[in-house]
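Here the structure is laid out as structure tokens; the discussion comes afterwards.
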Amino acid sequence: TDTVPPQVVPGVDPSARQLCFAWGPAEVLVCETLFDRAGGSRSRCRSRSPCLSRFWGEGGAGAASRALTGSVAGTGHGAPSSSRVFVVRRDQDIYIQTLRKLFNESHGIFMGLQRSEEELAGKSRKAQLVQVSKNYRSVIRACMEDMHEAAVSTRDPALQGQYSTQVSILSAMELIWNLCEILFVEAATAGPLLLRLLDWVRLHVCDVDSMVREVLSSESPSKHKLFWNVVDVFVLQGRMDEARHLLSKEASANPTSMNMYKILDDLMKKMPVPSTGNTQTLTELELKWQHWHEECQRYLQDGTFASNPHMESICKILLGDEDAILEKKELMTTWYHFLVTRLLYSHPTVKPVELRFYAQSSMDLFLGGESSPEPLDMILMAAFEFEMHQVIKECSIVLSNWWFVAHLTDLLDHCKLLQSHNLYFGSNMREFLLLEYASGLFSHHSLWQLGVDYFDHCPEYGRVYLELHIERIPLSTEQKALKVLRICEQRQMHEQVRSICKIMAMKALRNNRLGSALSWSIRAKDAAFATLISDRFLKDYCERGCFSDLDLIDNLGPSMLLSDRLTFLGKYREFHRLYGEKRFPEAARLLLTLMTAHIAPCSFWMTLLTDALPLLEQKEVIFSAEQTYELMRCLEDLTAGNPDKQKFQDDDVETTKVEMLRLALARNLARVIVKEGTVEGS
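Read in order, the letters of the sequence shown are residues 15 to 696 in the working numbering.
Quick look at the structure:
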């Protein structure tokens with residue numbers, strides 16, 4: 015998890031100052047942009063994902079470049095020594111605190127959708143998928159409201175601008191998602207389709223809501239200067255009951271218009287609209303609508319509303335007069351509002367396949383060549399044209415993160431709308447986008463845990479991505495390491511388990527926490543590292559005369575068999591425990607076994623022989639003659655086989671120890687011979 019040392023750009027004059035870069039943990043690129051003497055930027059850093067280029071072509075990958083946000087620190091401009099440091103992240107949005115709710119709560123919805131793979135049949139399955147889509151939209155809406163509150167409450171202009179931008183982005187996301195829900199997930203048919211589009215417009219085109227509130231809250235709404243604007247808004251959005259209610263106030267305040275009001279009210283009341291149930295066929299609706307349309311036409315031609323331009327304008331709108339509707343352009347604000355109003359009053363039984371033609375002509379009429387379509391317009395147009403892949407592509411380019419396209423594509427895939435679309439380099443579109451989104455989550459210090467579940471549900475490459483990303487997680491604490499370890503163990507990622515344990519063992523060893531280091535090395539099943547740490551334990555014992563981390567050593571159990579040195583450490587500690595419990599014969603046998611089995615390091619033999627001294631000096635004879643001979647042989651092997659024999663002989667302390675051992679062994683042997691001879695004689 016350490017960062018790679020900074021590198022310089024190849025091919026640049028080494029005598030000149032250069033652009034340096036370094037890949038840090040969690041895919042963070044740290045760049046130093048240097049300026050020449052004229053103050054201009056000598057080099058620029060740009061990141062591009064090769065996978066994105068393969069997916070969308072060389073012209074794509076816009077989302078990646080837009081997501082690369084630089085946080086700047088450095089000195090001033092223009093001076094020869096000036097420089098800037100940019101931290102370039104793959105997905106900046108995940109660091110916005112107020113978007114945490116979006117990532118966390120949508121994760122739960124995503125997991126619930128994956129668990130419901132016992133596909134319900136027919137209408138039940140469609141209803142379930144529509145509900146999932148609504149759940150996603152409710153999370154977007156909740157985040158948008160939180161962001162709006164944050165924008166209102168903050169006093170920092172920069173933060174306020176950032177929050178307002180996010181509100182706009184979330185609003186656009188909800189608008190697109192809702193339309194996709196109507197057209198793709200619910201797949202509304204002719205009739206109900208118009209009702210869903212009306213609800214869509216009413217929910218998302220809310221620029222006029224403040225005007226409506228202002229008029230309705232006034233003492234005399236019919237006298238308000240914006241009264242007829244509000245009536246027009248209600249009519250344009252098909253909110254007939256509300257429009258009629260306002261018109262009744264006008265009739266009460268102006269009795270001379272009572273007759274016109276009654277006729278217009280009757281026309282609005284009788285207007286045929288599609289029903290949500292199956293109470294009428296499309297043919298019946300079209301016949302009713304045709305008769306109603308002819309009646310409206312007759313009243314208009316008779317000049318019934320000629321004396322009141324406002325009511326005449328409303329009658330023209332009811333007839334679907336495009337010019338009359340376009341006159342209210344400022345009240346509709348968007349071409350898709352114009353589209354839905356146009357369909358409502360000219361083609362209420364529009365079929366899904368016909369939407370593309372009406373959408374394109376509505377956008378052309380509304381914009382009128384005065385302005386070019388915005389990216390949002392192109393995304394909505396692609397949706398009306400039922401170009402799902404184009405919607406996903408455009409959203410990937412425009413939006414600043416992968417959340418939207420990843421979850422929308424997953425939902426559409428569960429609707430079995432993307433089954434035939436595989437990418438030529440392997441993974442299908444759903445998996446590709448989920449992998450990109452989850453990879454972004456892994457660059458965050460806590461959201462990476464969500465990314466694990468997304469990788470789990472990518473059957474082709476998810477496992478490989480998880481293995482690569484989980485190795486990059488900075489193991490800053492043991493608690494975090496244990497969390498990562500548990501994830502790896504649950505998925506039988508044995509190589510990653512060993513890697514994590516080795517890293518933590520090395521960290522513990524650097525901090526001289528031998529017990530923790532030994533525990534991690536045992537968990538990693540790393541015999542070589544366990545041997546190294548065991549040697550450190552033994553070295554510490556020789557220096558201090560006691561063991562640290564006794565609880566761990568006393569409870570090694572079968573783990574001590576990982577390496578000979580660890581086995582020796584465990585058994586040597588057991589010898590001390592037996593000695594402390596005054597179980598001298600058992601302690602003596604174990605000590606002798608440790609020496610004769612050759613699992614003790616040669617450098618430790620003198621310590622073992624020294625440990626035998628108190629046992630040799632006990633009043634009761636502990637070592638038998640045979641055991642004493644074994645100890646003598648070990649002592650001679652030590653003194654004769656030591657490569658530093660001369661140095662060994664010159665060391666007064668070691669020489670004294672050897673002499674004391676020889677004396678104790680000889681005395682013990684004499685006592686044993688006397689004792690054994692006495693026993694035999696008796």
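Glycine included, every Cβ here is placed at the ideal spot set by N, Cα and C.
What did DSSP end up calling residue i once you bin it into helix, strand or coil?
i: A87; result: Note that A87 scores a pLDDT of 34, beneath 50, so its modelled location is shaky; the value from the coordinates is reported in the next line. Strand, per DSSP.
i: N192; result: helix
i: N442; result: strand
i: I328; result: helix
i: N682; result: helix
i: H483; result: helix
i: N268; result: coil
i: P171; result: helix
i: H458; result: coil
i: C515; result: helix
i: K148; result: helix
i: P387; result: coil
i: H471; result: coil
i: P64; result: Note that P64 scores a pLDDT of 32, beneath 50, so its modelled location is shaky and nothing firm can be said.
i: N243; result: helix
i: P286; result: coil
i: P323; result: helix
i: L570; result: coil
i: I154; result: helix
Hey, quick one: how far does the alpha helix (DSSP H) through residue i stretch, first residue to last?
i: Q404; result: M402 to V412
i: R603; result: F598 to T610
i: D316; result: Run containing D316: none; DSSP gives neither H nor E here.
i: N118; result: R114 to R129
i: P206; result: P206 to H218
i: P628; result: W619 to L630
i: A697; result: Here the chain covers residues 15 to 696 and nothing more, so residue 697 does not appear.
i: A697; result: The question about residue 697 has no answer, for the chain in this structure spans 15 to 696.
i: H351; result: W349 to S360
i: T581; result: D578 to G594
i: H421; result: W417 to H428
i: V367; result: Taken as a continuous stretch (DSSP letters only), V367 belongs to no alpha helix (DSSP H), as it is neither H nor E.
i: Q493; result: E492 to Q504
i: G529; result: L528 to A538
i: I339; result: E336 to L340
Out of the options, which has the shortest C-alpha to C-alpha gap to residue i?
i: E492; options: L649, N322 and M518; result: M518
i: I110; options: S376, K239, L379 and S414; result: S414
i: S3; options: E119, G175, G382 and L173; result: Outside the shown range of the chain (15 to 696) lies residue 3, about which nothing can therefore be said.
i: D742; options: L523, M285, Q374 and C409; result: A question about residue 742 goes unanswered here, because the residues of the chain that appear run from 15 up to 696.
i: L480; options: L649, E509 and P171; result: E509
i: L576; options: E600, L679, I613 and L230; result: I613
i: P488; options: S460, E228 and F618; result: S460
i: H351; options: F198, L193 and Y275; result: L193
i: L496; options: S533, I277 and E445; result: S533
i: N322; options: M346, L345, L261 and F124; result: L261
i: K671; options: Y643, E644, W619 and L683; result: W619
i: L482; options: E650, R500, T653 and S513; result: S513
i: H458; options: E445, I484 and N442; result: I484
Below 6 Å CB to CB, which residues in the same chain sit around residue i once its five sequence neighbours on both sides are set aside?
i: V688; result: none
i: K115; result: C157
i: R210; result: I196 and A202
i: L580; result: A544, S548 and M574
i: R681; result: none
In chain order, what residues of the same chain have a beta carbon less than 8 Å from the beta carbon of residue i, not counting five sequence neighbours either side?
i: Q128; result: H471
i: E188; result: R151, I154, R155, M158 and H218
i: I331; result: D246, V249, L250, A338, I339, K342, T355 and Y359
i: L566; result: G529, L532 and S533
Taking 7 Å as the limit between beta carbons, can you name the residues of its chain near residue i, skipping five residues before and five after?
i: A186; result: L390
i: A541; result: L576 and S577
i: A678; result: L627, L630 and E631
i: T610; result: E644
Compute the minimum distance between the beta carbon of residue i and the heavy atoms of the ligand GDP, and state whether it is under 7 Å.
i: L675; result: Inclusion of the ligand GDP in the displayed structure is not the case, the ligand content being empty and no account of it being possible.
Are there three or more Cβ pairs, one per stretch, closer than 8 Å when the region 287-301 is compared with the region 196-210?
-> The region 287-301 is in contact with the region 196-210.
With contact counted as at least three CB pairs below 8 Å, one residue from each stretch, are the region 145-154 and the region 447-462 in contact?
-> The answer is no - the region 447-462 does not touch the region 145-154, with fewer than three Cβ pairs under 8 Å.
May I ask you to verify whether the region 253-268 touches the region 232-243, counting CB pairs closer than 8 Å and requiring at least 3?
-> With a cut-off of 8 Å, the region 232-243 and the region 253-268 count as touching, because enough Cβ pairs lie within range.
Does the region 355-375 come close enough to the region 313-322 to have 3 or more Cβ pairs within less than 8 Å?
-> Between the region 355-375 and the region 313-322 there are fewer than three C-beta pairs closer than 8 Å, too few to call the two in contact.
Please determine if the region 638-649 and the region 579-587 are in contact, where contact requires at least 3 C-beta pairs separated by less than 8 Å.
-> Per the Cβ contact rule, the region 638-649 is not in contact with the region 579-587 (fewer than 3 Cβ pairs under 8 Å).
May I ask you to verify whether the region 174-193 touches the region 336-346, counting CB pairs closer than 8 Å and requiring at least 3?
-> Of all C-beta pairs linking the region 174-193 to the region 336-346, fewer than three are shorter than 8 Å, placing the two stretches out of contact.
Report yes or no: do the region 393-407 and the region 367-377 share at least 3 C-beta pairs separated by less than 8 Å?
-> Yes, since at least three Cβ pairs between the region 393-407 and the region 367-377 fall closer than 8 Å, the two stretches touch.
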